[in-house]
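>
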Amino acid sequence: KAGVTQTPRYLIKTRGQQVTLSCSPISGHRSVSWYQQTPGQGLQFLFEYFSETQRNKGNFPGRFSGRQFSNSRSEMNVSTLELGDSALYLCASSLEARLSQETQYFGPGTRLLVL
Amino acid sequence: SQQGEEDPQALSIQEGENATMNCSYKTSINNLQWYRQNSGRGLVHLILIRSNEREKHSGRLRVTLDTSKKSSSLLITASRAADTASYFCARRNSGNTPLVFGKGTRLSVIA
Numbered sequence: 125k126a127g128v129t130q131t132p133r134y135l136i137k138t139r140g141q142q143v144t145l146s147c148s149p150i151s152g153h154r155s156v157s158w159y160q161q162t163p164g165q166g167l168q169f170l171f172e173y174f175s176e177t178q179r180n181k182g183n184f185p186g187r188f189s190g191r192q193f194s195n196s197r198s199e200m201n202v203s204t205l206e207l208g209d210s211a212l213y214l215c216a217s218s219l220e221a222r223l224s225q226e227t228q229y230f231g232p233g234t235r236l237l238v239l
Numbered sequence: 010s011q012q013g014e015e016d017p018q019a020l021s022i023q024e025g026e027n028a029t030m031n032c033s034y035k036t037s038i039n040n041l042q043w044y045r046q047n048s049g050r051g052l053v054h055l056i057l058i059r060s061n062e063r064e065k066h067s068g069r070l071r072v073t074l075d076t077s078k079k080s081s082s083l084l085i086t087a088s089r090a091a092d093t094a095s096y097f098c099a100r101r102n103s104g105n106t107p108l109v110f111g112k113g114t115r116l117s118v119i120a
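Residue numbers (the working numbering), protein chains in the order written: chain A, 125 to 239; chain B, 10 to 120.
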């Protein structure tokens, strides 16, 4: 099976712009989670989706939003970009057999640089 | 903070030596997982240990869990240069809560 894919891999934006990142989970996986990784804050949870419904949301401002489509693909959007949004954005998918025992499979990430 | 905390933050060892990384947490857990991340890339799942398990092995990896001390350790035996990476523990408190990651241990294995 193909792994989790994320597009684009690299992105440069300027302050005030908006950006949309895409994630395609492993075939058959119905749960998708997003994380932001920075040197200072480490890995921080953004959202978790299952069957097009947002199941959990991290402590991020409303500028960060996401959605999941019927084919389980997911997108996240960041509006009005700030310098501090520069980070590696990681997407992970899981099968959802029993959530409490789920391991997550990560994509390679999208590295966003905000100038 | 609800994050797990890894210790040490950085570790440098010679090839062939064992590497031990520790993870502490504050609340009760359903399971604890260890992941590896090579420089700037996605994370790779290593081992999941359930709250009712005390030890688990996978190849050269050994994970222990002490729920009374709220801590876990990851042991890599006979380390190789290819083991150089950051290692993260992650925990899920209950079925529907998100996975919470610690800040990781940076392991350098010198050939």
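Backbone N, C-alpha and C define an ideal beta-carbon position, used for all residues, glycine too.
Between Tyr229/A and His66/B, which are expected to be in contact by the criterion C-beta below 8 Å, what is the C-beta distance as a whole number of angstroms?
The sequence position of residue 229/A within the first sequence is 105, counting from 1. The sequence position of residue 66/B within the second sequence is 57, counting from 1. With a Cβ gap of about 21 Å, Tyr229/A and His66/B do not count as contacting.
> Is Gly51/B close to chain C, meaning its C-beta is less than 7 Å from at least one C-beta of that chain?
Of the chains in the structure shown, none is chain C; the protein chains are A and B.
> Which full runs of the beta strand (DSSP E) of 3+ residues lie inside the segment 141-216 of chain A, going along the chain?
List check, beta strand (DSSP E) in window: 143-148, 155-162, 166-174, 177-181, 188-192 and 198-202.
> Count the other CB atoms within 10 Å of the CB of Gln161/A; is the residue buried (16 or more) or exposed (fewer)?
Your numbering for residue 161/A matches position 37 in the first sequence. Gln161/A comes out buried.
> Any idea which residues DSSP pairs Val109/B with across the strands?
Within the second sequence, numbered from 1, the residue matching residue 109/B stands at position 100. DSSP, once it has assigned bridges, lists Arg100/B as partnering Val109/B.
> For Asn180/A, collect the residues of the same chain with a Cβ closer than 6 Å to its Cβ; drop the 5 residues on either side in sequence, then sort them by chain order.
If you number the first sequence from 1, residue 180/A lands on position 56. Hits under 6 Å: Glu172.
> If you draw a straight line from the alpha carbon of Glu15/B to that of Pro149/A, how long is it in whole angstroms?
Taking the second sequence and counting its residues from 1, the one referred to as residue 15/B is at position 6. Taking the first sequence and counting its residues from 1, the one referred to as residue 149/A is at position 25. Distance between the alpha carbons of Glu15/B and Pro149/A: 28 Å.
> Return yes when the C-beta of Thr93/B is under 6 Å from any heavy atom of the ligand NAD, and no when it is not.
With respect to the ligand NAD, the structure shown offers nothing to examine, as it has no ligands at all.
> Take Arg63/B and list the residues in its own chain whose beta-carbon comes closer than 7 Å to its own, dropping the five residues that flank it on each side.
By 1-based counting over the second sequence, the position of residue 63/B is 54. Excluding residues within five positions, the ones whose Cβ falls inside 7 Å are Thr73 and Leu74.
> Looking at the unbroken beta strand (DSSP E) that takes in Gln18/B, where does it start and where does it end?
Stepping through the second sequence from its first residue, residue 18/B is reached at position 9. Run containing Gln18/B: none; DSSP gives neither H nor E here.
> Using DSSP with H/G/I as helix, E/B as strand and the rest coil, what is Ala120/B?
As a first step, residue 120/B must be located in the second sequence, where it is residue number 111. Coil at Ala120/B, not helix or strand.
> On a CA-only basis, which of Asp209/A, Leu205/A and Thr227/A is nearest Gly140/A? Give me that one, please.
Your numbering for residue 140/A matches position 16 in the first sequence. Among Asp209/A, Leu205/A and Thr227/A, the Cα nearest to that of Gly140/A belongs to Leu205/A.
> Is Thr234/A buried or exposed, if buried means 16 or more other CB atoms sit within 10 Å of its CB?
Counting from one through the first sequence, the residue named residue 234/A turns up at place 110. Classification of Thr234/A: buried, given that the 10 Å Cβ count is 16 or more.
> Given a cut-off of 7 Å, decide if Tyr159/A and Leu214/A are closer than it, judged by their beta-carbon atoms.
What you label residue 214/A is simply residue 90 of the first sequence in a count that begins at 1. What you label residue 159/A is simply residue 35 of the first sequence in a count that begins at 1. It is a contact, given that the beta carbons lie within the stated cut-off.
> Going by alpha carbons, who is nearest to Ser82/B out of Ala120/B, Ile56/B, Arg50/B and Ser37/B?
On the second sequence, position 73 is the one that residue 82/B refers to. Nearest of Ala120/B, Ile56/B, Arg50/B and Ser37/B to Ser82/B, Cα basis: Ile56/B.
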